[in-house]
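Each step along the sequence shown adds one to the number in the working numbering, with nothing skipped, and position 424 is 425. Note sheet for the following structure.
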Amino acid sequence: MKISGLFTLTVIFQFVVIAGASDKLPVFTDVTKKSGILVKNSYGDSELTNIVEGTGSGAMFFDYDADGWLDIYFPSPCWLKEVSDNRSRRIRGKLVNRLYRNNGDGTFTDVTDKAGVGDKGYGVGCSAADFDNDGDLDLYVLNYGPNVFYRNNGDGTFTDISKASGLANSSWSLSAPWFDYDGDGDLDVYLANYLEYDSGKFKSYYAAAGYPGPLSYNGQTDVLYRNNDDGTFTDVTKDAGVHRANGRAMSAAVSDLNNDGLLDIYVTNDGMENYYFKNLGNGKFRNEGLIMGLAFGEGGQGVSSMGPTIGDVDRDGLLDIYIPDMGYGCLLMNRGEYFEDRTATSNLAVVCGQYTGWGGLLFDYDCDGYLDVFVSNGNAHHEYTEEDVLMRNDGKGNFINVAAVSGPYFKEKYVGRGSTFGDYDNDGDLDILIVNLNDTPKLLRNDGGNSNNWLIVEAKLPGGKSDAIGARVTVKTGSLIQIQDLIPVAGYLSQVDPRRHFGLGKASKADSVEIRWPDGQITKLTDVKANQFLSVTQEPRKTEQ
């Protein structure tokens, strides 16, 4: 009885603390209909019957027309004979990917047909990058089936160059982060592939599960493509040391995890070990997932790891990793020589453990300088709905559940999959976009996050047009030091705002903003005023005389 009473008092106390602070915390407002986003996600069928349909899809914030406002791309599954039920063939050919242009007034316009990016394949993930260094973002659509690669023409339209480029990979691709792995000045791409679905032939599974899980199928090999700087790509997977024959990648992330100036690759796999490919600096990588504590989940078991998201959670100058999964999730804290699992001690496990997590985000929603956690949730094998999770970082290594005081949306239930963040209305705080299985996506506007001060940094390569992918941005405000690597692909099947967002709390300025460019050069600014979009362009290297 004493234990029960103590527990009750603790819960009541925590609720009072949160409720008392609710007038100071931001809330999220569902503006989906108001914004003009009318698309409904479909898995290409009328009933959820297999792992292809259950995997869902992601979304992307990116500025395809370079007007300073974030646009949105939605990959869409479709009806496929080898995946979908014949009873649903009436929707064959009717489902396409969608591009929504930001009008700059809080609304979006569907420009799919005008732009020419309405692929009708089974769309799952997407990413965008300026692969040809012409100043606009090209679009890579990841499918169950051949992928589609669009070159941006710079006039609001795109051209399909999938086959000519060599990126029309026919595996089941889920994620594709871009980065310059070999330091030659152009962007390469790591393609995370999932598994070989057998069109429903495997039947030896527990019927109540709905359909077989990932270990019932052979895994697929991820691919690292080198940019040849002539519009084509070459498969260098084996030469680079990242070949694994039987992986089951759910998503991949790229970042400088050991602070050596080189970008590493982290791949989350379904039902098996995860990969950490350390960049050795000579175009080669070595898998050190096991020795670094990055291969398995809490307790050492292989879990159904979803999309990894990377950020410096405790502001110690080392990048940490958060991974949603079908259990408690994993918060892996970077200790330099290894990663420590702090999922339980940080209070994330007790909240996230009751859900099935997919799209995880590390982002500073209240602009206080510390990264918070959002997770979109939903059952894996059935259309059973769940609430999403919002956990606020208290700055002391713990997370507090603030969903109950963060807006009506968090009292609703959906079958969530991919999620992403971006400042779509350019007001200084980060908004959320969630993809829900067989339902409408949700655009959540952040109201009140900008009551604290903020700084958004755009790091541009010489010429000022192309994002400096792979650059590291460091912002110092008093004793608070924040670091971010400019790699927009993050989380589950998705890509976030490429502009780096920093919460400054009550500080009216940042003491310094330092950018380590992809080639190692350093630019440092001091006494940078808060509440602005700061665009910094790298100075060209002086030619040797």
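Every residue gets a Cβ at the ideal spot worked out from N, C-alpha and C, and that includes glycine.
For Val-351, the enclosing alpha helix (DSSP H) starts and ends at 349 to 353.
From the listed residues Asp-520, Asp-528, Phe-534, the smallest Cα separation to Pro-499 is found for Phe-534. The criterion of a C-beta distance shorter than 8 Å is satisfied by Leu-494 and Gly-59.
Cβ contact annotation for Ser-172 (same chain, cutoff 7 Å, sequence separation greater than five): Asn-194, Gln-221, in chain order. Selection Leu-438, Gly-294, Met-273 evaluated against Ser-377 yields Leu-438 as nearest (Cα-Cα). Of all alpha-carbon atoms in Lys-466, Leu-258, Ala-508, Phe-75, the one lying nearest the alpha-carbon of Thr-478 is that of Ala-508.
For the pair Ala-491 and Thr-238, the CB atoms are not nearer than the 8 Å cut-off. Taking a C-beta distance under 8 Å as the contact criterion, Ser-252 and Thr-235 do not qualify as a contact pair. In the structure shown, Asn-87 falls within a helical segment according to DSSP collapsed to helix, strand and coil. Within its own chain, the residues whose Cβ lies closer than 6 Å to the Cβ of Leu-81, once the five positions on either side in sequence are excluded, are Tyr-123, listed in chain order.
For Ala-241, there is no enclosing beta strand (DSSP E); the residue is part of the alpha helix (DSSP H) that begins and ends at 238 to 241.
Distances from the CA of Arg-88 to each of Asp-120, Lys-41, Ser-47 were compared; the closest alpha carbon is that of Ser-47.
Assigned with DSSP and collapsed to three states, Ile-292 falls in coil, not helix or strand.
For Glu-54, the enclosing alpha helix (DSSP H) stretches over residues 52 to 56. Contiguous alpha helix (DSSP H) elements confined to the stretch 96 to 133 occur at 113 to 116, taking only those with 4 or more residues.
Distance from the CA atom of Trp-455 to the CA atom of Gly-506, rounded to whole angstroms, is 7 Å. Here the stretch 341 to 355 does not lie against the stretch 428 to 436, with fewer than 3 beta-carbon pairs under 8 Å apart.
Exposed is the label assigned to Leu-291, since fewer than 16 other Cβ atoms lie within 10 Å of its Cβ.
A check of alpha carbon separations from Tyr-277 across Pro-76, Leu-258, Asn-283 identifies Leu-258 as the nearest. If you draw a 10 Å sphere on the C-beta of Leu-49, you find 16 or more other C-beta atoms in it, and that means buried. For the set Ile-484, Phe-286, Ser-480, Arg-90, the Cα lying nearest the Cα of Leu-263 is the one of Phe-286. Membership of Ser-176 in the beta strand (DSSP E) is indicated by the continuous run 174 to 176.
Inter-segment contact for the stretch 462 to 472 and the stretch 443 to 451 is absent: fewer than three beta-carbon pairs are separated by less than 8 Å. In this structure, Asn-532 is the residue among Arg-316, Asp-520, Asn-532 with its C-alpha nearest to the C-alpha of Lys-510. Setting aside the 5 residues that flank it on each side, Phe-411 is surrounded in the same chain by Phe-29, Glu-388, Asp-389, Leu-391, Ala-404, Ala-405, each with a C-beta closer than 8 Å to its C-beta; the list follows chain order. Taking the Cα positions, Ala-296 is about 17 Å away from Gly-242. Two segments are said to touch when three or more pairs of C-beta atoms, one from each, lie closer than 8 Å; by this definition the stretch 417 to 430 does not touch the stretch 515 to 522. For Thr-33, there is no enclosing beta strand (DSSP E); the enclosing alpha helix (DSSP H) has its first and last residue at 33 to 36. Residue burial annotation: Glu-54 is buried, with at least 16 other C-beta atoms found within 10 angstroms of its C-beta.
Annotation for Ala-165: the continuous alpha helix (DSSP H) segment containing it runs 163 to 166. Its Cα nearest to that of Val-304, the residue Gly-214 stands out among Ser-36, Val-84, Gly-214.
If you draw a straight line from the Cα of Asp-365 to the Cα of Gly-504, it is about 6 Å long. Nearest neighbour of Ala-129 by Cα position, chosen from Pro-541, Leu-100, Asp-373, turns out to be Leu-100.
Collapsing the DSSP output to three states places Lys-461 in a strand. Listed in chain order, the non-local C-beta contacts of Gly-211 below 6 Å within the same chain comprise His-382, His-383, local neighbours out to five positions each way being set aside.
By the Cβ criterion, the stretch 56 to 75 is not in contact with the stretch 227 to 234, since fewer than three pairs of Cβ atoms, one from each stretch, lie closer than 8 Å.
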